[in-house]
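Below: the structure, in structure tokens.
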Amino acid sequence: MKKYVIAIALAAAMLFAGTNASAQVGHFGVVGGMTFSKAKDVNKDMMKNYTGFHAGVTYQLNLPLGFSIQPELIYNQRGTKVAAPIGDLHGNMSVGFIELPVNIQWGPDLVLFRPYLELSPYVGYAVMNKYRMGNVTHNGNWDGVNRWEYGIGLGVGIEVWKFQLSGRYCWSFGNNLPETVAEVFDDAKFGGFELSLAFLF
Numbered sequence: 001m002k003k004y005v006i007a008i009a010l011a012a013a014m015l016f017a018g019t020n021a022s023a024q025v026g027h028f029g030v031v032g033g034m035t036f037s038k039a040k041d042v043n044k045d046m047m048k049n050y051t052g053f054h055a056g057v058t059y060q061l062n063l064p065l066g067f068s069i070q071p072e073l074i075y076n077q078r079g080t081k082v083a084a085p086i087g088d089l090h091g092n093m094s095v096g097f098i099e100l101p102v103n104i105q106w107g108p109d110l111v112l113f114r115p116y117l118e119l120s121p122y123v124g125y126a127v128m129n130k131y132r133m134g135n136v137t138h139n140g141n142w143d144g145v146n147r148w149e150y151g152i153g154l155g156v157g158i159e160v161w162k163f164q165l166s167g168r169y170c171w172s173f174g175n176n177l178p179e180t181v182a183e184v185f186d187d188a189k190f191g192g193f194e195l196s197l198a199f200l201f
């Protein structure tokens, strides 16, 4: 699965890079919003959403037939809260990633606004971590931690003038937990909802 997600992201990025800018219309922009995530594939009653944020820059490249490609370079904070003890473990954890989502959008231009569907393969690299599980504290220590993540998002949005409001659900396929925590959470991965607002120049 990992190689397919990365291949999609790279193919979309190469298409974006190789498109003739003189024949297409592109816009730089800024993007930011809230990230609501939690660990998946574990007891859902014990896991609660962790509220983080994401912020960065974007570039929208308009293509024919209502398509556009909009890569982003963002800092994204994901995590989870443990609402009930798992054995002797309780607490929370968060990981900050530098992420490269490549948003593939389709939607009709209705003059005053443009609704769109969005498919977003992404890759990321962890640059910050904070884990507090029972007596285990794991802040800024990368021993036994996989720092790479990859996944895919699916969402909808609306573009009005230079503003874009979008919401997407993201599935992460990489396990970014330290070994001491991963043994308890087995193969848990972060997943959740992102709400974003972008402004295009």
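In full-length UniProt numbering, the protein residues as written are 1 to 201. Every residue, glycine too, gets a C-beta built ideally from N, C-alpha and C.
From the DSSP output, which residues share a beta bridge with LYS162? When DSSP reads this structure, LYS162 sits in no beta bridge, so it has no partner.
Determine contact between the stretch 121–129 and the stretch 155–164, defined as no fewer than three beta-carbon pairs at a distance below 8 Å. They do not touch, by the three-pair rule.
Is DSSP giving PRO101 helix, strand or coil here? Strand at PRO101.
SER37 and GLY192 closer than 7 Å at C-beta: Contact flag set, yes.
The beta strand (DSSP E) with ARG132 in it runs from where to where? It spans 114–133 - the beta strand (DSSP E) in which ARG132 sits, taken as one unbroken run.
Report yes or no: do the stretch 101–116 and the stretch 53–69 share at least 3 C-beta pairs separated by less than 8 Å? Touching, yes.
SER22 by DSSP, collapsed to three states: which one? Only weak support exists for where SER22 lies, its pLDDT of 41 falling under 50; the value from the coordinates is given anyway. Coil, per DSSP.
In DSSP terms, what residue 228 is bridged to: In the structure displayed, the chain extends from 1 to 201; residue 228 sits before or after that span and is not available.
Go ahead and label LYS162 buried or exposed: buried means 16 or more other beta carbons lie within 10 angstroms of its beta carbon, across all protein chains shown. With fewer than 16 Cβ atoms within 10 Å of its Cβ, LYS162 is classed as exposed.
CB residue 202 to CB ALA198, shorter than 7 Å? For residue 202 there is no data in the structure shown, the boundaries of the chain being 1 and 201.
At the level of alpha carbons, what is the spacing between TYR169 and ASN92? When rounded, the distance between both Cα atoms is 21 Å.
Are there 16 or more other CB atoms within 10 angstroms of the CB of ASN76, so buried, or fewer, so exposed? Looking at its Cβ environment, which holds 16 or more other Cβ atoms inside 10 Å, ASN76 is buried.
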